[in-house]
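Below is one structure, written out as structure tokens; the observations come after it.
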Amino acid sequence: MKRLRTNVSSLRGSIEVPGDKSISHRAVMFGAIANGTTTIANFLAGEDCLSTIDCFRKLGVSITQNGSEVVVKGKGMEGLQEPMEILNVGNSGTTTRLLLGILAGCSFHACLIGDESIAKRPMGRVTKPLQQMGAKIDGREHGNYTPLSIRGGSLQAIDYRSPVASAQVKSAILLAGMQADGTTSVTEPHKSRDHTERMLKLFGAEVVVDGLTVSVTGKQALTGTHVDVPGDISSAAFFLVAGAIVPNSEITLKNVGLNPTRTGIIDVLKQMGADITIENIQNEESEPMGDITVRTSELNGIEIGGELIPRLIDEIPIIALLATQAEGTTVIKDASELKVKETNRIDTVVSELKKLGADIEATEDGMIIRGKTKLKANNLMVDSYGDHRIGMMLAVAACITEGGLTLNRPEAIAVSYPSFFAHLQQLIK
Ligand code: S3P
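Each residue of the sequence shown is one higher than the one before, starting from 6 at the first, in my numbering.
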């Protein structure tokens with residue numbers, strides 16, 4: 006349990022958020038199946054990405070990690086070894102789903118387990134198409150939940166139409182497609198984050214993007230390279246919102262990833278009236294990044310749905326808090342994917358913000374928030390439910406809450422942002 010800082014009078018200063026989680030996972034995975042050495046700078050040494058390193062070490066890959074510096078000695082597409090131990094994915098959906106895509110093409114047996122939250126997350130969305138390609142996968146409820154076992158082998162390419170816009174599904178199938186005979190394509194209902202496509206190109210693969218369809222031809226080799234991981238916009242989002250809603254604030258976040266498939270949070274902040282500026286944009290070809298400054302702002306409610314949702318899916322908990330401080334109504338719709346994240350984030354966001362007096366209601370595919378509300382706590386306890394993003398949202402909510410507030414299960418935050426509380430403390434003036 007952790008006592009949270011409440012009623013903060015100002016947040017000021019500049020911080021560099023840790024490396025992007027999605028990109029850090031992929032850099033290790035692609036490095037492992039590439040030929041030659043991959044070096045990674047600004048790797049996120051959070052628990053999720055450490056689970057990825059642990060799994061690939063058990064698959065025989067030599068990986069040295071020294072804080073945010075990582076060196077991966079690639080084994081090539083066919084060089085992974087049958088693991089002697091169960092692969093533990095911890096709390097990480099990205100590790101589970103992308104790893105299944107890689108293992109689908111490996112002619113050996115492996116078992117995957119994770120924590121209590123992973124055990125509730127649907128894996129059929131990747132195990133079914135991978136089975137169609139030829140992988141043998143079984144597990145609880147016919148391979149829909151962990152524990153899972155997989156025996157990969159020779160794969161046939163597929164043209165897969167995904168019912169959900171999910172980068173994890175798209176990436177798992179493309180990684181299997183890289184090992185299949187023929188050309189594999191994945192078509193999504195809306196565009197999800199495209200880090201896999203960009204990074205495959207960085208490792209020398211040919212990837213064809215045509216609107217919402219991405220294709221790869223199998224049996225292409227990857228070549229080890231250097232990956233510079235930008236700061237994680239999903240971590241920056243907590244301070245972008247904090248800067249907009251805490252009085253007398255001005256925060257600069259340096260070297261934040263600005264990949265257009267991830268910047269929905271910036272579009273929302275601007276549409277709601279936030280005072281936000283972006284400078285020093287670099288690296289536009291691979292993964293763009295820049296410095297973002299946000300200041301305390303007068304905000305208005307908006308409607309958020311459709312193609313914007315995959316561009317900000319992980320930011321919805323903190324956007325819900327933002328909406329409690331906006332005049333008028335904010336409607337979040339088309340976001341039923343929230344129900345299958347680390348927690349059911351429609352339920353956990355609504356329940357915890359209600360405890361603080363927010364006017365918020367759950368809907369079938371999102372939530373409705375009416376603002377502006379002064380948040381209050383009278384020595385209350387709120388809960389992360391073991392979900393890192395719920396924990397960080399509540400710590401930011403505390404900054405604008407009157408009264409005493411305690412957070413249950415704060416340790417969940419280490420999954421993606423181990424230095425979160427130190428950074429918050431540094432900004433409080
Ligand atoms: C991720 C994709 C998203 C996101 C998750 C990371 C990725 O999940 O919520 O935090 O790295 O590909 P879905 O692909 O399930 O939408």
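The beta-carbon is built from N, C-alpha and C at its ideal position, and this holds for glycine as well.
Item	Value
Rounded distance between the beta-carbons of His-200 and Ala-170, thought under 8 Å	Incorrect: roughly 14 Å between the Cβ atoms, too far for contact.
Arg-17 Cβ short of 7 Å to the ligand S3P heavy atom set	no
Residue range of the unbroken beta strand (DSSP E) whose run includes Met-372	371 to 376
Those residues which DSSP pairs with Ala-79 across a bridge	One detail in the question is off: residue 79 reads as Gly in this sequence, not Ala. DSSP lists Gly-41 as partners of Gly-79.
Residue environment, Ile-436, which counts as buried when at least 16 other CB atoms sit within 10 Å	This structure cannot speak to residue 436, because the chain is shown only from 6 to 434.
Euclidean distance between Cα positions of Ser-112 and Ala-140	9 Å
Distance CB(Gly-295)-CB(Ile-286) smaller than 8 Å	yes
For Met-4, the three-state DSSP class (helix, strand or coil)	Since the first residue of the chain shown is 6 and the last is 434, residue 4 is not available in this structure.
Inter-stretch contact at 8 Å, needing at least 3 Cβ pairs: the stretch 374 to 384 / the stretch 120 to 134	no
N- and C-terminal bounds of the alpha helix (DSSP H) containing Ser-67	Here Ser-67 belongs to no alpha helix (DSSP H); instead the beta strand (DSSP E) covers 67 to 71.
Cβ contact (3+ pairs, closer than 8 Å) linking the stretch 119 to 127 and the stretch 159 to 178	no
C-beta contact flag for Gly-81 and Ile-45 at 8 Å	no
Arg-145, DSSP secondary structure in three states	helix
N-terminal and C-terminal residue of the beta strand (DSSP E) that Lys-346 is part of	Careful: Lys-346 lies outside any beta strand (DSSP E) and carries neither H nor E.
Gly-371 and Asp-339 closer than 8 Å at C-beta	yes
Where the beta strand (DSSP E) containing Leu-410 begins and where it ends	410 to 413
4 or more residues per run - each alpha helix (DSSP H) lying fully within the stretch 117 to 175	129 to 138, 145 to 148
Local conformation of Arg-211 per DSSP, three classes	Looking at the sequence provided, one finds Glu at residue 211 rather than Arg. Reduced to three states, the DSSP call for Glu-211 is coil.
Three-way DSSP call (helix, strand, coil) for Met-204 in this model	helix
Check: Glu-342 C-beta below 7 Å from any heavy atom of the ligand S3P	yes
Which of helix, strand or coil DSSP assigns to Ala-226	coil
Exposure label - His-393; buried when at least 16 CB within 10 Å	buried
Contact the stretch 209 to 221 vs the stretch 244 to 257: 3+ CB pairs below 8 Å	no
Pick from Asp-364, Gly-269, Pro-322 that is closest to Glu-2, judged by C-alpha positions	Only positions 6 to 434 of the chain appear in this structure, which leaves residue 2 out of reach.
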